[in-house]
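Reading through the structure tokens given below for one structure.
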Amino acid sequence: MTDARHLVVDPTRPDPRAIARAAAAIRRGELVAFPTETVYGLGADALDPAAVARIYEAKGRPSYNPLIVHVLDAVAARGLVTAWPPAAQRLADACWPGPVTLVLPKTPAVPDAVTAGLPAVAIRVPAHPVALALLRAAERPIAAPSANRSNELSPTTAAHVASALGDRVALILDAGPTDVGIESTVVDLTGPRPRLLRPGLVSRDELVRMIGDVAEVEATSGDASRSSPGQLERHYAPQAELRLVDDPDAGRAALGEARLAGQRAALLTYEPEIGGDPDVALLPAEPAGYARRLYAALHDLDARDYNVVYVVRPPADAAWEGIHDRLRRAAHR
Ligand code: AMP
Ligand code: MG
Numbered sequence: 022m023t024d025a026r027h028l029v030v031d032p033t034r035p036d037p038r039a040i041a042r043a044a045a046a047i048r049r050g051e052l053v054a055f056p057t058e059t060v061y062g063l064g065a066d067a068l069d070p071a072a073v074a075r076i077y078e079a080k081g082r083p084s085y086n087p088l089i090v091h092v093l094d095a096v097a098a099r100g101l102v103t104a105w106p107p108a109a110q111r112l113a114d115a116c117w118p119g120p121v122t123l124v125l126p127k128t129p130a131v132p133d134a135v136t137a138g139l140p141a142v143a144i145r146v147p148a149h150p151v152a153l154a155l156l157r158a159a160e161r162p163i164a165a166p167s168a169n170r171s172n173e174l175s176p177t178t179a180a181h182v183a184s185a186l187g188d189r190v191a192l193i194l195d196a197g198p199t200d201v202g203i204e205s206t207v208v209d210l211t212g213p214r215p216r217l218l219r220p221g222l223v224s225r226d227e228l229v230r231m232i233g234d235v236a237e238v239e240a241t242s243g244d245a246s247r248s249s250p251g252q253l254e255r256h257y258a259p260q261a262e263l264r265l266v267d268d269p270d271a272g273r274a275a276l277g278e279a280r281l282a283g284q285r286a287a288l289l290t291y292e293p294e295i296g297g298d299p300d301v302a303l304l305p306a307e308p309a310g311y312a313r314r315l316y317a318a319l320h321d322l323d324a325r326d327y328n329v330v331y332v333v334r335p336p337a338d339a340a341w342e343g344i345h346d347r348l349r350r351a352a353h354r
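Residues 22 to 354 in the numbering used here are what the sequence shown lists, from first letter to last.
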């Protein structure tokens, strides 16, 4: 893309002029897409309700789905909340900058639009040098959900952003593919017991090791979805119908049958399965590598107009829970 709004930057040492341009746009209340270590974010000045409204409008995001606020450091996070329990300090020390989001009671400075009217705000310090440079230059918190249209796949490259939202943003900072690949782990610290609202690459087991106790929240249409709409059953979904299968053999069989029936079908599996078949996409067999490439693989399959994609369920252990969560939601009909 040779759009003037598309700025290629070095992922570790971004050009200060590009960052200054992006920061100025944020300060004017415009939308800037930028890389975080998880996925690309659609950023706006978190303290400007009109700018925040533009995020909802560009994404087609329902007004009840709150945004994550990105800040430069834990000190900035503390400035936006009215309580900072020991668990927050411990998680901030252990995980920030990084893919863990904390939900804490907000100060009046945080507009209701950011939290969708909830009394608590979700905050994190992203680990991407470009995101941190932008936060430093903008000198304000940046609200940023994933830079995709609501209910579609999250973007892990600037090209994904450009195809979904290219004409709706002032700028896209392009620093290449993101590293983590799935959205942050979200932990609610507003109640007496910490609650895991959304699993991510940092697993519940790891959180338990850090803060001792973390309740699991069942994904339902009831309470949980209201307190954290990322819990909505169908989310993070591609265009093709996703069907989960239990093992590689079942995947091959399903693919074979679907093709015989004349369907445009693909199989998403992981090593050491064999690739080579154009309808078989292969991901690494460990969770970090799998997560890093999952959305790009699904974007790619979508671009090839499959109507059904069989996905081999990854191993059941805790390190894969964020991936299971995203696959389950993407497959939900
Ligand atoms: P996204 O930015 O698209 O990855 O989604 C942000 C998700 O973070 C939401 O869908 C919620 O699950 C969660 N979240 C954001 N703000 C809050 C909040 N104030 N309370 C609870 N969960 C939140
Ligand atoms: Mg999202």
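Quick reminder that beta carbons are idealized off the backbone N, C-alpha and C, glycines included. Every value quoted in this text rests on a predicted model; they were computed, and no experiment measured them.
Sequence-distant residues of the same chain with beta carbon closer than 7 Å to residue i, five excluded per side
i, result
"Ala152", "Phe55, Pro56, Thr57, His91"
"Asp94", "Val146"
"Gly221", "Pro120, Ile203, Glu204, Ser205, Thr206, Gly343"
"Leu156", "His91, Val92, Leu93, Ile163"
"Ala141", "Val124, Leu125, Pro126, Lys127, Thr211"
DSSP three-state assignment for residue i, whether helix, strand or coil
i, result
"Gly277", "helix"
"Ala282", "coil"
"Pro126", "strand"
"Val182", "helix"
"Glu237", "strand"
"Arg270", "Here the sequence assigns Asp to residue 270, which means Arg is not the residue at that position. Reduced to three states, the DSSP call for Asp270 is helix."
"Pro56", "strand"
"Gly187", "helix"
"His320", "helix"
"Leu139", "coil"
"Leu88", "coil"
"Val73", "helix"
"Tyr291", "strand"
"Ala245", "In this prediction, Ala245 has a pLDDT of 45, which is less than 50 and means its spatial position is unreliable; what the coordinates show is noted afterwards. Helix."
"Glu173", "strand"
"Asp298", "coil"
"Leu68", "coil"
"Ala339", "helix"
Cα-Cα separation, residue i to residue j
i, j, result
"Leu192", "His27", "6 Å"
"Ala46", "Ile76", "14 Å"
"Leu125", "Gly283", "51 Å"
"Tyr311", "Val238", "24 Å"
"Trp105", "Leu52", "30 Å"
"Tyr327", "Ala258", "14 Å"
"Gln110", "His181", "35 Å"
"Pro5", "Pro299", "Look at the range of the chain in this structure, 22 to 354, and you will see that residue 5 is not part of it."
"Ala245", "Ala179", "With a pLDDT of 45 at Ala245, under the threshold of 50, the modelled position of that residue is not reliable, and the figure given next carries that caveat. About 32 Å."
"Ser184", "Val190", "11 Å"
"Glu39", "Ala275", "Note that residue 39 is Ala in the sequence shown here, rather than Glu. Their backbone Cα atoms lie some 48 Å apart in a straight line."
"Val96", "Val266", "45 Å"
"Glu294", "Pro166", "34 Å"
"Thr199", "Arg49", "27 Å"
"Ala351", "Tyr331", "12 Å"
"Ala279", "Val333", "15 Å"
"Leu288", "Arg273", "7 Å"
"Ala41", "Ala159", "8 Å"
"Asp114", "Arg325", "43 Å"
"Arg214", "Asp24", "48 Å"
"Leu139", "Tyr61", "24 Å"
"Arg313", "Leu319", "12 Å"
"Pro308", "Thr59", "14 Å"
"Gln260", "Leu194", "26 Å"
"Asp209", "Arg230", "16 Å"
"Pro37", "Gly197", "17 Å"
"Pro336", "Arg349", "14 Å"
Beta-carbon separation (whole angstroms), residue i vs residue j, contact threshold 8 Å
i, j, result
"Leu123", "Leu112", "6 Å"
"Ile232", "Ala43", "That belief does not hold up - the Cβ atoms of Ile232 and Ala43 are roughly 35 Å apart, past 8 Å."
"Ala236", "Arg264", "Ala236 to Arg264, Cβ: 31 Å. No contact."
"Arg82", "Ser175", "The Cβ separation is near 13 Å, so there is no contact."
"Pro32", "Ala154", "Actually they are not in contact, since the Cβ atoms of Pro32 and Ala154 sit about 11 Å apart, beyond 8 Å."
Residue i beta carbon near ligand 4 (any heavy atom closer than 6 Å)
i, result
"Pro259", "Only ligand 1 and ligand 2 can be found as ligands here, which leaves ligand 4 out of the picture."
Beta-carbon proximity list for residue i, same chain, < 8 Å, skipping 5 on both sides
i, result
"Asp321", "Ala302"
"Val73", "Ala65, Asp66, Ala67, Leu88, Pro132, Ala134, Val135, Ala164"
"Ala339", "Ser224, Arg225, Asp226"
"Ala286", "Ala275, Leu276, Ala279, Arg280, Asp300, Tyr327, Asn328, Val329, Val330, Tyr331"
Same chain only: Cβ atoms within 6 Å of residue i, ignoring 5 sequence neighbours per side
i, result
"Ala306", "Tyr291, Glu292"
"Glu262", "Val329"
"Asp346", "Pro220"
"Asp69", "Gly50"
"Ala98", "Val92, Ile144"
"Leu228", "Val235"
"Ala148", "Glu58, Pro118, Gly119"
"Asn169", "Ser175, Pro176, Ala185"
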